[in-house]
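Chemist: My numbering puts the first residue of the sequence shown at 1222, with every later residue one more than the last. Here it is: the structure, laid out below.
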Amino acid sequence: QVLGYNNPGAALAAVDGLVRLGYKAVEPLLEQLDGYNYGARAYAIRALAEIADPRSLQVLLSAAATDFAPSVRRAAAKGLGNLQWHNLPTQQCIHAQTEALNVLLAVSEDPDWAIRYAAVVGLQALGEAAIEFNTRQVVSDRLLHIAQSDADLATQARAKLARDRLHSVSSPQFPVCC
(Lines of atoms letter the chains of each structure in order from A and count residues from 1; the text may use other names and numbers.)
(Lines give C-alpha, C1' and ligand atoms only; values in the text may rest on other atoms or scores of the structure.)
Protein backbone atom coordinates (compact mmCIF):
# COMPACT_ATOMS: atom_id res chain seq x y z
CA GLN A 1 0.00 0.00 0.00
CA VAL A 2 2.86 2.37 0.80
CA LEU A 3 3.98 2.19 -2.82
CA GLY A 4 0.79 4.01 -3.80
CA TYR A 5 1.13 6.90 -1.37
CA ASN A 6 1.96 10.29 -2.80
CA ASN A 7 5.20 10.22 -0.82
CA PRO A 8 8.30 9.26 -2.80
CA GLY A 9 10.43 8.92 0.34
CA ALA A 10 8.07 6.39 1.87
CA ALA A 11 7.78 4.53 -1.43
CA LEU A 12 11.56 4.33 -1.82
CA ALA A 13 11.89 3.04 1.74
CA ALA A 14 9.22 0.44 0.98
CA VAL A 15 11.05 -0.63 -2.19
CA ASP A 16 14.26 -0.98 -0.19
CA GLY A 17 12.47 -3.14 2.38
CA LEU A 18 10.86 -5.29 -0.31
CA VAL A 19 14.20 -5.81 -2.02
CA ARG A 20 15.71 -6.89 1.31
CA LEU A 21 12.90 -9.43 1.69
CA GLY A 22 13.95 -10.80 -1.67
CA TYR A 23 12.11 -13.78 -3.14
CA LYS A 24 9.51 -13.71 -0.34
CA ALA A 25 8.23 -10.37 -1.64
CA VAL A 26 7.75 -11.48 -5.25
CA GLU A 27 4.37 -13.25 -5.06
CA PRO A 28 2.69 -10.47 -3.02
CA LEU A 29 4.06 -7.86 -5.42
CA LEU A 30 2.86 -9.80 -8.46
CA GLU A 31 -0.58 -10.34 -6.93
CA GLN A 32 -1.04 -6.72 -5.90
CA LEU A 33 0.25 -4.82 -8.93
CA ASP A 34 -1.84 -1.69 -9.24
CA GLY A 35 -3.29 -1.28 -12.71
CA TYR A 36 -4.52 2.24 -12.00
CA ASN A 37 -1.82 3.93 -9.93
CA TYR A 38 1.18 4.16 -12.22
CA GLY A 39 3.37 5.51 -9.41
CA ALA A 40 2.69 2.45 -7.27
CA ARG A 41 3.19 0.23 -10.31
CA ALA A 42 6.52 1.89 -11.07
CA TYR A 43 7.78 1.29 -7.54
CA ALA A 44 6.54 -2.31 -7.58
CA ILE A 45 8.22 -2.95 -10.94
CA ARG A 46 11.39 -1.35 -9.60
CA ALA A 47 11.33 -3.71 -6.59
CA LEU A 48 10.68 -6.73 -8.82
CA ALA A 49 13.52 -5.68 -11.13
CA GLU A 50 15.95 -5.36 -8.23
CA ILE A 51 14.91 -8.67 -6.69
CA ALA A 52 15.45 -10.21 -10.14
CA ASP A 53 13.32 -13.32 -9.57
CA PRO A 54 12.44 -14.97 -12.90
CA ARG A 55 8.83 -15.33 -11.73
CA SER A 56 8.47 -11.65 -12.57
CA LEU A 57 9.50 -12.17 -16.22
CA GLN A 58 6.02 -11.93 -17.76
CA VAL A 59 5.16 -8.81 -15.77
CA LEU A 60 8.44 -7.15 -16.74
CA LEU A 61 7.99 -8.11 -20.41
CA SER A 62 4.49 -6.66 -20.49
CA ALA A 63 5.42 -3.52 -18.58
CA ALA A 64 8.47 -2.78 -20.73
CA ALA A 65 6.56 -3.32 -23.96
CA THR A 66 3.16 -1.80 -23.30
CA ASP A 67 2.81 0.23 -20.10
CA PHE A 68 1.74 3.82 -20.73
CA ALA A 69 3.88 5.20 -17.89
CA PRO A 70 7.49 5.91 -18.88
CA SER A 71 8.78 5.30 -15.34
CA VAL A 72 7.24 1.82 -15.38
CA ARG A 73 8.69 1.03 -18.81
CA ARG A 74 12.17 2.22 -17.79
CA ALA A 75 12.23 0.14 -14.61
CA ALA A 76 10.99 -2.94 -16.47
CA ALA A 77 13.50 -2.55 -19.31
CA LYS A 78 16.41 -2.32 -16.88
CA GLY A 79 15.12 -5.28 -14.91
CA LEU A 80 14.65 -7.59 -17.89
CA GLY A 81 18.36 -8.07 -18.37
CA ASN A 82 19.16 -8.63 -14.71
CA LEU A 83 16.96 -11.59 -13.89
CA GLN A 84 18.53 -14.50 -12.00
CA TRP A 85 18.63 -16.69 -15.09
CA HIS A 86 20.47 -19.46 -13.22
CA ASN A 87 17.23 -20.21 -11.35
CA LEU A 88 15.65 -21.54 -14.55
CA PRO A 89 16.15 -24.90 -16.29
CA THR A 90 18.27 -24.51 -19.43
CA GLN A 91 15.51 -24.75 -22.07
CA GLN A 92 13.22 -22.45 -20.10
CA CYS A 93 16.11 -20.04 -19.66
CA ILE A 94 16.84 -19.96 -23.39
CA HIS A 95 13.19 -19.26 -24.14
CA ALA A 96 12.97 -16.58 -21.43
CA GLN A 97 16.14 -14.87 -22.61
CA THR A 98 14.78 -14.85 -26.16
CA GLU A 99 11.56 -13.23 -24.97
CA ALA A 100 13.52 -10.63 -23.01
CA LEU A 101 15.77 -9.98 -26.01
CA ASN A 102 12.83 -9.41 -28.36
CA VAL A 103 11.16 -6.95 -26.00
CA LEU A 104 14.41 -5.09 -25.30
CA LEU A 105 15.15 -4.82 -29.02
CA ALA A 106 11.72 -3.27 -29.58
CA VAL A 107 12.03 -0.98 -26.57
CA SER A 108 15.46 0.18 -27.77
CA GLU A 109 13.61 1.91 -30.63
CA ASP A 110 11.16 3.81 -28.39
CA PRO A 111 10.70 7.52 -29.16
CA ASP A 112 11.58 8.40 -25.53
CA TRP A 113 15.35 8.61 -25.11
CA ALA A 114 15.17 7.63 -21.42
CA ILE A 115 13.35 4.41 -22.28
CA ARG A 116 15.92 3.64 -25.00
CA TYR A 117 18.67 4.31 -22.45
CA ALA A 118 17.05 1.86 -20.01
CA ALA A 119 16.81 -0.70 -22.82
CA VAL A 120 20.55 -0.34 -23.40
CA VAL A 121 21.17 -1.10 -19.71
CA GLY A 122 18.91 -4.14 -19.96
CA LEU A 123 20.53 -5.31 -23.19
CA GLN A 124 23.99 -5.11 -21.66
CA ALA A 125 22.99 -7.23 -18.66
CA LEU A 126 21.18 -9.73 -20.86
CA GLY A 127 24.14 -9.97 -23.23
CA GLU A 128 26.52 -10.61 -20.35
CA ALA A 129 24.28 -13.38 -19.00
CA ALA A 130 23.22 -14.92 -22.32
CA ILE A 131 23.82 -18.63 -22.64
CA GLU A 132 23.47 -18.65 -26.42
CA PHE A 133 26.18 -16.99 -28.47
CA ASN A 134 23.59 -15.74 -30.96
CA THR A 135 21.88 -13.72 -28.22
CA ARG A 136 25.18 -12.06 -27.30
CA GLN A 137 25.83 -11.31 -30.97
CA VAL A 138 22.38 -9.78 -31.52
CA VAL A 139 22.84 -7.64 -28.40
CA SER A 140 26.30 -6.54 -29.53
CA ASP A 141 25.01 -5.63 -32.99
CA ARG A 142 22.11 -3.61 -31.58
CA LEU A 143 24.38 -1.79 -29.13
CA LEU A 144 26.71 -0.89 -32.01
CA HIS A 145 23.76 0.41 -34.03
CA ILE A 146 22.55 2.53 -31.09
CA ALA A 147 26.08 3.80 -30.37
CA GLN A 148 26.40 4.95 -33.97
CA SER A 149 22.95 6.29 -34.72
CA ASP A 150 20.78 7.11 -31.70
CA ALA A 151 19.47 10.67 -31.70
CA ASP A 152 20.47 11.13 -28.05
CA LEU A 153 24.16 11.50 -27.24
CA ALA A 154 23.80 10.07 -23.72
CA THR A 155 22.12 6.96 -25.11
CA GLN A 156 24.85 6.64 -27.75
CA ALA A 157 27.54 6.90 -25.08
CA ARG A 158 25.80 4.36 -22.81
CA ALA A 159 25.46 1.94 -25.74
CA LYS A 160 29.17 2.26 -26.51
CA LEU A 161 30.03 1.63 -22.86
CA ALA A 162 27.64 -1.34 -22.75
CA ARG A 163 29.17 -2.85 -25.88
CA ASP A 164 32.70 -2.36 -24.57
CA ARG A 165 31.76 -4.04 -21.29
CA LEU A 166 29.98 -6.85 -23.11
CA HIS A 167 33.11 -7.55 -25.13
CA SER A 168 35.29 -7.52 -22.01
CA VAL A 169 33.18 -10.32 -20.50
CA SER A 170 34.19 -13.52 -22.24
CA SER A 171 31.45 -15.65 -20.73
CA PRO A 172 29.03 -15.52 -17.82
CA GLN A 173 30.79 -15.59 -14.45
CA PHE A 174 28.40 -18.21 -13.10
CA PRO A 175 26.27 -20.95 -14.58
CA VAL A 176 23.52 -18.84 -16.08
CA CYS A 177 20.92 -21.58 -16.34
CA CYS A 178 20.83 -24.88 -14.59
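Glycine is no exception: its CB is placed at the ideal position from the N, C-alpha and C atoms.
Which of the three DSSP states, helix, strand or coil, is assigned to phenylalanine 1395?
Modeler: With a pLDDT of only 44 at phenylalanine 1395, under 50, the local geometry of the prediction cannot be trusted, and the value read off the model is given with reservation. It is coil, neither helix nor strand.
Chemist: Leucine 1304 to alanine 1273, Cα distance in whole Å?
Modeler: 4 Å
Chemist: Can you say whether alanine 1380 is buried or exposed, counting buried as having 16 or more other CB atoms within 10 angstroms of its CB?
Modeler: It counts as buried.
Chemist: State the DSSP-derived secondary structure class of glutamine 1313, mapped to helix, strand or coil.
Modeler: In the displayed model, glutamine 1313 falls within a helix according to three-state DSSP.
Chemist: Return yes when the Cβ of serine 1361 is within less than 9 Å of the Cβ of glycine 1348, no when it is not.
Modeler: Their beta carbons are under 9 Å apart, which means glycine 1348 touches serine 1361 by this criterion.
Chemist: What's the C-alpha gap between aspartate 1373 and glutamine 1253?
Modeler: 36 Å
Chemist: How would you call glycine 1400, buried or exposed, if buried means at least 16 neighbouring beta carbons within 10 angstroms?
Modeler: What is shown of the chain runs 1222 to 1399, which leaves residue 1400 out entirely.
Chemist: Using beta-carbon positions only, say whether alanine 1297 and alanine 1270 come within less than 9 Å of one another.
Modeler: Yes, the pair counts as a contact, with Cβ atoms nearer than the cut-off.
Chemist: For tyrosine 1264, which three-state DSSP category applies?
Modeler: In the structure shown, tyrosine 1264 adopts helical secondary structure according to DSSP, grouped into three states.
Chemist: Return the CA-CA distance between isoleucine 1367 and glutamine 1345, expressed in angstroms with no decimal places.
Modeler: Taking the straight line joining both Cα atoms gives about 12 Å.
Chemist: By Cβ distance, which residues of its chain are closer than 7 Å to alanine 1339, with the 5 residues on each side in sequence left out?
Modeler: Arg1295, Ala1298, Lys1299
Chemist: Given leucine 1365, which residues of its chain have a CB within under 7 Å of its CB, disregarding the five upstream and five downstream residues?
Modeler: Arg1384
Chemist: Measuring CA to CA, which of Arg1276, Val1390, Ala1232 is closest to alanine 1350?
Modeler: Of the candidates Arg1276, Val1390, Ala1232, the one whose C-alpha sits nearest the C-alpha of alanine 1350 is Val1390.
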